[in-house]
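Inspection log for the structure reproduced underneath, given as structure tokens.
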Amino acid sequence: MSTGYILANDAFRDWLNILRNEFTVIGPVLKKRGPIVFEEIQDAGDLHLDYCSTMLGPRKFIYPPTQRLFRIDNQNHRVTTIEPADAGNAVIFAVRPCDMQAISVLDRTFLGDIEDFYYRKLREETLTVVLNCNRACDAGFCESMGAGPFLRLEDGYDLEMTSMGENYLIEIGSRRGEGLIEKAVHRKEAASGDYETKDDLQRKAIASFTKHLETAGLPELLMRNLDHPVYRETAEARCLGCTNCTMVCPTCYCYDIEDDMSFDLTVTERRRHWDSCQELHFARVHGGNFRSSREARLRQFVTHKLATWVEQYGCFGCVGCGRCMTWCPTGIDLTEMAKRIQQDFETGRARWWAYS
Amino acid sequence: MNPLEPRRALVREKIQENRETYSLTLSLADHDHFSYRPGQFNMLGLPGMGEAPFSFSSLHLERGRFTHTIREAGSLTRSICQLAAGDILSIRGPYGNEWPLEKAKGRHLIIVGGGIGIAPLRPVIRHALGNGEEYGRLYFLLGARTEDDLLFREEFEKLTAGRDGTLLMTVDRGEKKELSHIREGLVTALLDEIDVDPEESITFTCGPELMMRFVARQLIQMGQDPYDIFVSMERRMKCGIAHCGHCQIGAMYVCKDGPIFPYGDIKRFADTML
Numbered sequence: 001m002s003t004g005y006i007l008a009n010d011a012f013r014d015w016l017n018i019l020r021n022e023f024t025v026i027g028p029v030l031k032k033r034g035p036i037v038f039e040e041i042q043d044a045g046d047l048h049l050d051y052c053s054t055m056l057g058p059r060k061f062i063y064p065p066t067q068r069l070f071r072i073d074n075q076n077h078r079v080t081t082i083e084p085a086d087a088g089n090a091v092i093f094a095v096r097p098c099d100m101q102a103i104s105v106l107d108r109t110f111l112g113d114i115e116d117f118y119y120r121k122l123r124e125e126t127l128t129v130v131l132n133c134n135r136a137c138d139a140g141f142c143e144s145m146g147a148g149p150f151l152r153l154e155d156g157y158d159l160e161m162t163s164m165g166e167n168y169l170i171e172i173g174s175r176r177g178e179g180l181i182e183k184a185v186h187r188k189e190a191a192s193g194d195y196e197t198k199d200d201l202q203r204k205a206i207a208s209f210t211k212h213l214e215t216a217g218l219p220e221l222l223m224r225n226l227d228h229p230v231y232r233e234t235a236e237a238r239c240l241g242c243t244n245c246t247m248v249c250p251t252c253y254c255y256d257i258e259d260d261m262s263f264d265l266t267v268t269e270r271r272r273h274w275d276s277c278q279e280l281h282f283a284r285v286h287g288g289n290f291r292s293s294r295e296a297r298l299r300q301f302v303t304h305k306l307a308t309w310v311e312q313y314g315c316f317g318c319v320g321c322g323r324c325m326t327w328c329p330t331g332i333d334l335t336e337m338a339k340r341i342q343q344d345f346e347t348g349r350a351r352w353w354a355y356s
Numbered sequence: 001m002n003p004l005e006p007r008r009a010l011v012r013e014k015i016q017e018n019r020e021t022y023s024l025t026l027s028l029a030d031h032d033h034f035s036y037r038p039g040q041f042n043m044l045g046l047p048g049m050g051e052a053p054f055s056f057s058s059l060h061l062e063r064g065r066f067t068h069t070i071r072e073a074g075s076l077t078r079s080i081c082q083l084a085a086g087d088i089l090s091i092r093g094p095y096g097n098e099w100p101l102e103k104a105k106g107r108h109l110i111i112v113g114g115g116i117g118i119a120p121l122r123p124v125i126r127h128a129l130g131n132g133e134e135y136g137r138l139y140f141l142l143g144a145r146t147e148d149d150l151l152f153r154e155e156f157e158k159l160t161a162g163r164d165g166t167l168l169m170t171v172d173r174g175e176k177k178e179l180s181h182i183r184e185g186l187v188t189a190l191l192d193e194i195d196v197d198p199e200e201s202i203t204f205t206c207g208p209e210l211m212m213r214f215v216a217r218q219l220i221q222m223g224q225d226p227y228d229i230f231v232s233m234e235r236r237m238k239c240g241i242a243h244c245g246h247c248q249i250g251a252m253y254v255c256k257d258g259p260i261f262p263y264g265d266i267k268r269f270a271d272t273m274l
């Protein structure tokens, strides 16, 4: 068993304020009109730990929506890399297990065979402290996707926290995480009873889910039913093509690159920003567009998250956070689409043979 | 190392192939190391215009030089085609996989190209003609809209003259009736003239996806294994390194897993015309 510590709630606040001297401490903050947003905290009291989900996950600190890449001299084409804005050794607190899983999913894209320079830097400079979920959130189905409600990862995070009423159990995920917890003044080592309490809480959290998705055989089923009418029907009746689903999805990695030239035409700044497969331009080439219909674009989203991702990266591209359906203006729910195909298969109306 | 950071290339030579297509011979400006295999591509770019993928139309490096054959289609390609010898452009690559020439050894080779898709096939045509003893019969079936669009026509005619390779060409609209060896019609009609067993052949094809669809389907009907037909795919690309997501066809990244795929492997996904 990994070494764990117990921090009373007061000691936890003291610890945060100590960390603030050395790190940029980021966490969920309750904003005026109600939303909870990940941002830098000015005081430990700003941290709002009793939250379900944010619109944007902590992905935005490691893979920002817009990033400056290069400065290019237009005359001689000399290129200067623009270092990612210094994360200044940030610590992100209260990362939900689904969001932590999502970052590890992003790692497979950006830290695979070829490493993204900018992602690598921000990922390395940012420490992550996971906060386990003691109850399921309304739209969440992370349990089905193997991403929650308690942390399922073996590594890739720094600390794991469990809220146990009067205090927190804090377990070490990395050497750097160990360095963080060593700065807590009033910590005491966790006893076996604390881990039993954690197990209890985890059991209760798992039992609290109302939303489930059966994932066994799902990738194969979806790939064999690419022409299932659910995509066309949902796309035509409800999809507005707004791209909210892909902007809030914590595993979406697609980007576009844009050049911006100075007014005197001497310098070009090359930037990238999040792009979306739900945009019409996404698959456009000269002379045509390979996903010109909303049906095709919606199917791309669903089948990528729940099927082709597995072939590409050995894991689902969905962590079950429920953001896509929460922030969809018409409430399109990808689990409902998957379930419809599963039901049609049960009743013999969907295929289990190769698509052609 | 920043994989998105482009290097600089120098335009060494520019040849106009037809009214809208140019071949640019390039070399790296800073004497950097460079090597590539036929079928791969580079991301070429200009500041302010961005980058796009272009496959090699030359067989191998000659004095550090390589060639891309580019058709003016949008603002970037038009700007690249306006460059002159001595000008600089940015380059990243090479990326992607190569034509599976090893797999073709000892078998008949059928090469089917359409329009600008003839350019990425030029290196394998040249390789096959230079190493004829490694293959069975060679078929080069090329199609284009007009005779002017038949890229490298004179070069191929010269290279195949008096050799084993069979060069057959077709255009949508014929202009000069006396050119009897250039037919009018679709490139698929040329497949009927193949008199080798498709089961003992390998096919490389590049061109519009609809063309490749009909080429592949006809060859399969003639008995060829869908995994012996190799198609070179084109998709929107921003990064070339399987990060930006644009070029995905199902589970495949055209930039990393392709651009060359066995037809049987790529056809199983949605959103292609295959």
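Residue numbers (our numbering), protein chains in the order written: chain X, 1 to 356; chain U, 1 to 274. Backbone N, C-alpha and C fix where the C-beta goes; we use that ideal spot for every residue, glycine too.
{"Check": "Nearest to Arg271/X by alpha carbon, out of Gly45/X, Tyr118/X, Asn21/X and Arg96/X?", "Outcome": "Tyr118/X"}
{"Check": "Just the C-alpha distance for Lys238/U and Asp275/X, rounded to the nearest angstrom, thanks.", "Outcome": "11 Å"}
{"Check": "Looking only at C-alpha atoms, which of Glu269/X, Asp10/X and Ile18/X sits nearest to Gly165/X?", "Outcome": "Asp10/X"}
{"Check": "Taking the continuous beta strand (DSSP E) assigned at Leu80/X, which residues delimit it?", "Outcome": "For clarity, residue 80/X is Thr in the given sequence; the question names Leu instead. That run of the beta strand (DSSP E) goes Val79 to Thr81."}
{"Check": "Curious, which full-length alpha helix (DSSP H) runs of at least 4 residues does the stretch 97 to 126 of chain U contain?", "Outcome": "101 to 104"}
{"Check": "Between which residues of its own chain and Lys31/X is the CB-CB distance below 8 Å, once the five residues before and five after are set aside?", "Outcome": "Val37"}
{"Check": "In the DSSP assignment, find the unbroken beta strand (DSSP E) run with Thr142/U in it and report its ends.", "Outcome": "In the sequence under discussion, the amino acid at residue 142/U is Leu, which differs from the Thr named in the question. Unbroken beta strand (DSSP E) run through Leu142/U: Leu138 to Ala144."}
{"Check": "Please confirm whether Ile202/U and Asp164/U have their CB atoms less than 8 Å apart.", "Outcome": "no"}
{"Check": "Does chain X have any CB closer than 8 Å to the CB of His363/U?", "Outcome": "A question about residue 363/U goes unanswered here, because the residues of chain U that appear run from 1 up to 274."}
{"Check": "Taking Glu171/X as part of the beta strand (DSSP E), name the residues at either end of that continuous run.", "Outcome": "Asn167 to Ile172"}
{"Check": "Here's the rule: buried if 16 or more other CB atoms are within 10 angstroms of the residue's CB, otherwise exposed. What is Phe263/X?", "Outcome": "exposed"}
{"Check": "So which residues on chain X does Arg235/U lean against when the C-beta distance must stay under 9 Å?", "Outcome": "Ala283, Val285 and Phe290"}
{"Check": "Checking the sheet assignment: what are the DSSP bridge partners for Cys277/X?", "Outcome": "Cys277/X pairs with nothing; no bridge assigned."}
{"Check": "Check whether chain U comes within 8 Å of Glu236/X, counting only Cβ atoms and requiring the distance to be less than that.", "Outcome": "no"}
{"Check": "If we define contact as Cβ-Cβ less than 8 Å, is Met211/U a contact residue for chain X?", "Outcome": "no"}
{"Check": "Tell me the rounded alpha-carbon separation between Leu141/U and Pro229/X.", "Outcome": "39 Å"}
{"Check": "Buried or exposed for Ser292/X, going by 16 or more other Cβ atoms inside 10 Å?", "Outcome": "exposed"}
{"Check": "Ignore the nearest five residues each way along the sequence and tell me which others in Gln278/X's own chain have a CB closer than 7 Å to its CB.", "Outcome": "Gly241, Thr243, Cys245, Thr246, Arg297 and Phe301"}
{"Check": "May I ask you to list, following chain order, the residues of the stretch 3 to 36 of chain U that have a beta carbon less than 7 Å from some beta carbon of chain X?", "Outcome": "Pro3, Leu4, Glu5, Pro6 and Arg8"}
{"Check": "Helix or strand or just coil, what does DSSP make of Leu191/U?", "Outcome": "helix"}
{"Check": "Residues in its own chain within less than 6 Å of Arg137/U by CB, not counting five upstream and five downstream?", "Outcome": "His108 and Val196"}
{"Check": "Verify the CB distance criterion: does Val248/X have a CB-CB separation below 8 Å to chain U?", "Outcome": "no"}
{"Check": "Any heavy atom of the ligand PLP closer than 7 Å to the Cβ of Cys254/X?", "Outcome": "Looking at this structure, you won't find the ligand PLP or any other ligand, since it has none at all."}
{"Check": "Do Leu168/U and Leu151/U have their beta-carbon atoms positioned less than 8 Å apart in this structure?", "Outcome": "no"}
{"Check": "Quick one: is Met1/U buried, meaning 16 or more other Cβ sit within 10 Å of its Cβ, or exposed?", "Outcome": "exposed"}
{"Check": "With a threshold of 16 other CB atoms inside 10 Å of the CB of Leu280/X, please say whether the residue is buried or exposed.", "Outcome": "exposed"}
{"Check": "Whole-angstrom Cβ separation of Ile111/U and Ile125/U, contact assumed at under 8 Å?", "Outcome": "6 Å"}
{"Check": "Give the residues of chain U in contact with Asn74/X, contact being defined as C-beta atoms less than 8 Å apart.", "Outcome": "Pro47 and Gly48"}
{"Check": "Pick from Leu210/U, Leu24/U and Leu59/U: whose alpha carbon is nearest that of Cys81/U?", "Outcome": "Leu24/U"}
{"Check": "Between Ile241/U and chain X, is any beta-carbon pair separated by less than 8 Å?", "Outcome": "yes"}
{"Check": "If you measure between the beta carbons of Leu44/U and Phe54/U, is that distance less than 8 Å?", "Outcome": "yes"}
{"Check": "Rounded to whole angstroms, what is the Cα-Cα separation between Ile114/X and Gly348/X?", "Outcome": "43 Å"}
{"Check": "To the nearest angstrom, how far is the alpha carbon of Phe61/X from that of Val248/X?", "Outcome": "13 Å"}
{"Check": "Which residue from Gly217/X, Phe150/X, Asp199/X and Tyr313/X puts its Cα closest to that of Lys339/X?", "Outcome": "Gly217/X"}
{"Check": "Extract the residue ranges of the beta strand (DSSP E) inside the stretch 185 to 234 of chain X, only unbroken runs of 3 or more that lie entirely within it.", "Outcome": "none"}
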